[in-house]
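Participant: Going letter by letter, the sequence shown gives residues 0 to 1106 in numbering that gives the first Met the number 0.
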Amino acid sequence: MKKNIYSNLIIIFLLLGGAYTLKAQISEGGIPYSIKQNIKGSVETITMPSVDVERLLEEDENDAKLGIPLRFGKDHSVNLDMNNSGTWTELSDGSKLWRLRIVCPDAFTTNLLYDWFWMPEGAKFFLYNDDKSEIIGAFTEKNNKEHGEFATSLISGEAVTLEYYQPALVDKPGIISISTVVHGYRDILSKYSVRDFGSSGSCNNNVACEVGDDWRDEIRSVAMIIVGGSRMCSGSLVNNTSGDLEQLFLTANHCLIGNVSSWVFMFNYDSPQCSPNQDGPTSMTVQGSTLLASNSASDFALVKITEAIPQDYNVHWAGWSAINEPSEYSVGIHHPAGDVKKISFDYDPSVTSDYDPSPYLANSHWEVTAWDDGTTEPGSSGSPLFNQDKKIIGQLHGGWASCSSITEDYYGKFSMSWDRGTTPSTRLKDWLDPENTGILEIDGFDPSLGNPDLVPPSAITDLEVEDITSMGLTLTWSAPFDTSYGGVRQYDIRYSQNPIADTNDFKNADELNFAGAPADSGESESLILNGLEFNTTYYFAIRSNDRWNNVSELSNVVSAATFEAPQILVTPNQISHSVNVGDVLSDTLKISNTTSVNSTLQYAVTLENNTFPEKAAKVKFTADNKFRRNINNLDKRNPKEEYGLSFRGFGGPDLFGYEWMDSDELSGPVYQWIDISTDGTEAVNWIPTGSYDPKDEGYAGPINIGFDFSFYDVDYSSVYISSNGFVSFTQFNSNSFSNSSIPSDDDPNGIIAPFWDDLDGSSLGKVFYKSYPDKFVIQFDGWKKYAASSSSFTFQIVIRKNGKINFYYNNMSGTLTSATVGIENQDGTDGLQVVKDAAYIKNNFALEFAAEPEWMAMDNYEGMIYNGNSANMVIEFLTDDLTPGLYSMDVVIESNDPNNSSITVPVSLNLSGGEIPVELTSFNAEKNEKVIQISWSTATETNNLGFEIERKSKDNWENISFVSGKGTTTELSKYYFEDEISSIKSNKVSYRLKQIDFDGKFNFSDVIEIDLTPSAYELSQNYPNPFNPVTKINFALPFKSDLQLTVYNTLGQKLAVIENGIKDAGYYEVIWNASDLASGLYLYVISAKSLENNDEFRNVKKMLLIK
């Protein structure tokens, strides 16, 4: 029951259904016997007392101030049955007819509640108004319930006639006993439109649409609640920790209208297709329930459906979470306005809140700030809010959201409903965790999962240890088989420094956490362990369990010893230089792991006490490139084991300007797997490069990319895919099973290498490729390492039209410490190496390469170096922008060397100036409306050709103009220049003067910086205006903001979204083409929300299109 005013509790009861003829198990329809047979005669009429409507409305107004839901009718308690009221008529065939007319003077509606209702076989019961324009029924023996209670829906007007037909020779007469007559004193049916199929807003999504594909189970859990024939609320079947399929149904407390024993639950009322909207089946209903618990604090109600839900309804029991954590994103499934089922999405985290429409309890609700796709409406009340894990975290209380109002909704928190109450009747935990297990979240459940069994999962027999380091290693195994639905549900992984010989040893061992759900049977699994002790032997074993908590036998037990402790050496121990302004120089700090035995040095470098201006001292890390391939000495069957090094987080740039960053960095790329195994093209034509199978040593190609891709400033339209985990832009004809360092002039060159190793796809491996308008995807699927019994590598290369390159690692099971990852130019003279023969790659991981990316500047660097290897930290000093003086910083290297865990290398630069032939007395810059006015003056000039005006808005200085000098003079000289702000693509801009002598010598002035960040939000009038059909719109953002710029017509219909997303502070100009619109007046609206504070901005302007 969605509330768009403070509380429409009872209104919505009517608003969603009205007095409709009931269907299926609700009623059988038909025509009353007296009408069909034209039976006349007087019928007893009982008139209810008049009501004081003015007094009732005053009471309602006072109740509203207390947050008490609005009522629509006054209850009259009565005791009317077929023995003390009404008129009986004997029919010629021995059957009987009982009728009773009830009048509520001046009522808008009349409806009835029954404390005892029972129909014999063949009997029929109807209700209708005086002019017989509304008829509900027939109710039959199918409506009988054990508890005997019943209710019928509203009839328009002040009078209702009850008619009961009883056939001859029934075993037992029917029972109709009326306990309450409701006098409707609010004109609900005329004030609010009656809702049914097709009444919800057009922005809603049918659950049959593609957006619902990932939510098919949860969709089957949601049903519509019908009370007295009125389509009232929504709710969901919920699972419990016993998994016993008890018919527990969660909805909202404010939906508790009438007697729940007469509620009807309609499942699978869904449109059979996405579009156009079609009415769904109304036959899948069950009737009757018992109230178990409710609480107004979080507005929840839990009922138990009493009539068995037929198996062919194929319903789902939804999972839930009683943990008070906001969703990462939210999904609502509901019946808005009594319509077929819809699904809505909010891609932002939910926010803890009180119930804002009528605040009374802090942190009791989850707020959906604005639906991104779909909405809710009256009738959605009680519907579940699912988090990203498909677990219910709340039920809809109310809000203002609709298709025409992108505003808030509020869901009562499941976590508060769980245990805030003090008795079972006021909380959920007693019903959803009946055995008091303490479980706070569970998955959904289906009867289709089958019956519980006693068969445990098969034992794991291929547990192995891979990728050993000084403080970690990787476990790999194949997911075991289980007979129950969903297979293995959980792993119990343990380790110990003592042997694990049996289950007792296993229980005494330490547990390891395995994040995520187990894979399907036979698929590869892996677990990376860190934080182990040096040179220590560990034992590992696994048991698994299934949905029914059957536990497998112990796996094979494996053991491995970690490598020994590393030894760090950093040279030199200090860096110091004295140079002049304008000089460019670099120096190298080498970090080495000097042990002669297997070990791994993990290091982290930070720049502390840094007085260098930003980007005046650039840092990059490179490998000490010692790995070269001697093709004549390579042996594929007996490879030489080598260990190298890896960098972590980010790296570069190389000489061309490429840099890389991984998904572990806050500003790094997002792992977003693009599975093309079903719709991509499989590479099937493989060409051998030697005597091995071509999918072991060979390539596929050339394969068309679909667009021109620029790589190291050369355009390519096709690629060659190597069997060994890389792609090349040129054909190669030699085996490539031995990976080398990058860059290297060894073949192959011009490569993109997400996982260059001795791989083999000849048995099960497949490669797929697919071209999109903006990207080209290559997917290695199930490739394994040559001669390895159990390995499987699934990863992707995504080549993007904008020049960026992404690597996505989906499932990497096997040895990961013998591969090269990186990119290299066409002749092997430039490239970026991320890793060479070292631990780094993992599952659900991403890398991105880009030339001169707009990433944040970093001042911490991490990596791993195996024994005998070194990493070079190259520091480049850029002095053009610096003033003379002393600059310094401390390079602090933290490592896992137990004897030398922290080393500090001081770095200093003594910068001297030169003799300036021009005496510059002032140099200023001032921002005006559209330009920056630059002015300077000189006291004297000697041999002065003039001044180049240089500007820097990002990384590099650019010459934007030249102003001639005065040669040689002792007079005061003044100079001026204007720079247009529209040509600057940054919020900060720097200027300097390059004074040039006639003999070519030059000197730089000091640097001045201008902040172009706007001081306030602003939306300018479009230009030209009127326009046809193109116009420009300018706006300003004083902060980094989430922005939307939208065009509407004068009816408020959205026509176009010009800008949508996050933008940095600054001035912006957009061009909008209205060629597909007719002449007329249009509105453009800017909505911006600061990501730095609480500032929000919204403005509307008009523009006129004349064609």
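Ideal placement from N, C-alpha and C gives every residue a C-beta, glycine not left out.
Would you kindly work out how many angstroms separate the C-alpha atoms of residue 608 and residue 891, rounded to a whole number?
Facilitator: Rounded to the nearest angstrom, the two C-alpha atoms are 10 Å apart.
Participant: Alpha carbons only, please: which of 98, 85, 261 and 111 is nearest the one belonging to residue 145?
Facilitator: For residue 145, the nearest C-alpha among the options comes from 261.
Participant: For the beta strand (DSSP E) holding residue 470, just list the boundary residues, first then last.
Facilitator: Note, residue 470: premise wrong, no beta strand (DSSP E); not H, not E.
Participant: Buried or exposed: where does residue 1110 fall if 16 or more other Cβ atoms within 10 Å of its Cβ makes it buried?
Facilitator: It is not possible to answer for residue 1110, since the shown part of the chain is limited to 0 through 1106.
Participant: Can you give the beta carbon distance from residue 860 to residue 618, rounded, assuming they're within the 8 Å contact cut?
Facilitator: Contact flag correct, Cβ pair sits at about 7 Å.
Participant: Determine the direct distance from the alpha carbon of residue 226 to that of residue 12, and round the result to whole angstroms.
Facilitator: Only weak support is given to the placement of residue 12: the predicted model assigns it a pLDDT of 35, under 50, and the value that follows is read from those uncertain coordinates. Looking at the two C-alpha atoms, the distance is approximately 8 Å.
Participant: Name the residue from 160, 1061 and 473 whose alpha carbon lies nearest to the alpha carbon of residue 812.
Facilitator: Of 160, 1061 and 473, the residue nearest in Cα terms is 473.
Participant: Return yes when the Cβ of residue 1066 is within less than 8 Å of the Cβ of residue 980, no when it is not.
Facilitator: The answer is yes: Cβ separation under 8 Å.
Participant: Of the choices 502, 403 and 568, whose alpha-carbon is the least far from that of residue 895?
Facilitator: The candidate whose alpha carbon is nearest that of residue 895 is 568.
Participant: Shortest alpha-carbon distance to residue 324 belongs to which of 332, 351 and 309?
Facilitator: Ranking 332, 351 and 309 by Cα distance to residue 324 puts 351 first.
Participant: For residue 38, which option in 95, 29 and 80 has the closest C-alpha, if you only look at C-alpha atoms?
Facilitator: Nearest C-alpha to residue 38: 95.
Participant: Since residue 671 sits in a beta bridge, which residues does DSSP pair it with?
Facilitator: None; residue 671 has no bridge partner.
Participant: Give the secondary structure of residue 127 by DSSP, where H, G and I count as helix, E and B as strand, and everything else as coil.
Facilitator: Residue 127: strand per DSSP, three-state reduction.
Participant: Taking DSSP as the reference, what is the three-state secondary structure of residue 905?
Facilitator: Of the three classes helix, strand and coil, the one that applies to residue 905 here is strand, per DSSP.
Participant: Whole angstroms is fine: what's the gap from residue 149's alpha carbon to residue 459's?
Facilitator: Taking the straight line from one Cα to the other gives about 57 Å.
Participant: Residue 614 by DSSP, collapsed to three states: which one?
Facilitator: It is coil, neither helix nor strand.
Participant: Take residue 420 as the anchor and find which of 348, 293, 457 and 1084 has the nearest alpha-carbon.
Facilitator: Among 348, 293, 457 and 1084, the Cα nearest to that of residue 420 is on 293.
Participant: Who are the near neighbours of residue 667 in its chain, counting only those whose CB is closer than 6 Å to its CB and skipping five residues on each side?
Facilitator: Excluding residues within five positions, the ones whose Cβ falls inside 6 Å are 660 and 661.
Participant: Check whether the segment 294 to 310 and the segment 247 to 255 touch, using three or more Cβ-Cβ pairs below 8 Å as the test.
Facilitator: Taking 8 Å as the limit for Cβ pairs, the verdict is that the segment 247 to 255 does touch the segment 294 to 310.
Participant: Using a Cβ-Cβ cut-off of 6 Å (strictly less than) and excluding sequence neighbours within five positions of residue 416, which residues of its own chain qualify?
Facilitator: Correct list, in chain order: 297, 299 and 427.
Participant: Look at the Cβ atom of residue 442, then the Cβ atom of residue 331, and state whether they are nearer than 8 Å.
Facilitator: No, they are not a contact pair.
Participant: Let me know the beta strand (DSSP E) ranges lying completely inside the segment 677 to 717, each 3 residues or longer, listed in chain order.
Facilitator: Runs found: 685 to 687 and 697 to 710.
Participant: So what does DSSP say about residue 328, is it helix, strand or coil?
Facilitator: Of the three classes helix, strand and coil, the one that applies to residue 328 here is coil, per DSSP.
Participant: Closest to residue 522 by C-alpha separation, out of 680, 691, 780 and 767, would be which residue?
Facilitator: The candidate whose alpha carbon is nearest that of residue 522 is 780.
Participant: Can you say whether residue 1112 is buried or exposed, counting buried as having 16 or more other CB atoms within 10 angstroms of its CB?
Facilitator: Outside the shown range of the chain, which is 0 to 1106, sits residue 1112, and nothing can be said about it.
Participant: Count the CB pairs spanning the segment 235 to 245 and the segment 122 to 131 that are closer than 8 Å, and state whether there are at least three.
Facilitator: Verdict: no, contact absent.
Participant: Going straight from the alpha carbon of residue 134 to that of residue 111, what length do you get?
Facilitator: Looking at the two C-alpha atoms, the distance is approximately 14 Å.
Participant: Looking only at C-alpha atoms, which of 173, 343 and 151 sits nearest to residue 208?
Facilitator: Residue 208 has its Cα closest to that of 343, out of 173, 343 and 151.
Participant: In the DSSP assignment, the beta strand (DSSP E) including residue 76 goes from what residue to what residue?
Facilitator: Residue 76 -> beta strand (DSSP E) spans 72 to 80.
Participant: Would you tell me roughly how many angstroms separate the C-alpha atoms of residue 1112 and residue 256, rounded to the nearest one?
Facilitator: No answer is possible for residue 1112: it lies beyond the span of the chain, which begins at 0 and ends at 1106.
Participant: Just the C-alpha distance for residue 649 and residue 664, rounded to the nearest angstrom, thanks.
Facilitator: One C-alpha to the other measures close to 8 Å.
Participant: For residue 987, tell me which candidate among 951, 970, 956 and 968 has the shortest Cα-Cα distance.
Facilitator: Out of 951, 970, 956 and 968, 951 has the C-alpha closest to the C-alpha of residue 987.
Participant: Quick one: grab the DSSP three-state call for residue 272.
Facilitator: Coil at residue 272, not helix or strand.
Participant: Quick one, are the C-beta atoms of residue 646 and residue 827 less than 8 Å apart?
Facilitator: No. Outside cutoff.
Participant: Confirm, please, whether the CB-CB distance from residue 498 to residue 538 is below 8 Å.
Facilitator: Yes. Within cutoff.
Participant: Three or more C-beta pairs closer than 8 Å, one from the segment 354 to 364 and one from the segment 372 to 381: is that the case here?
Facilitator: No: fewer than three Cβ pairs fall under 8 Å.
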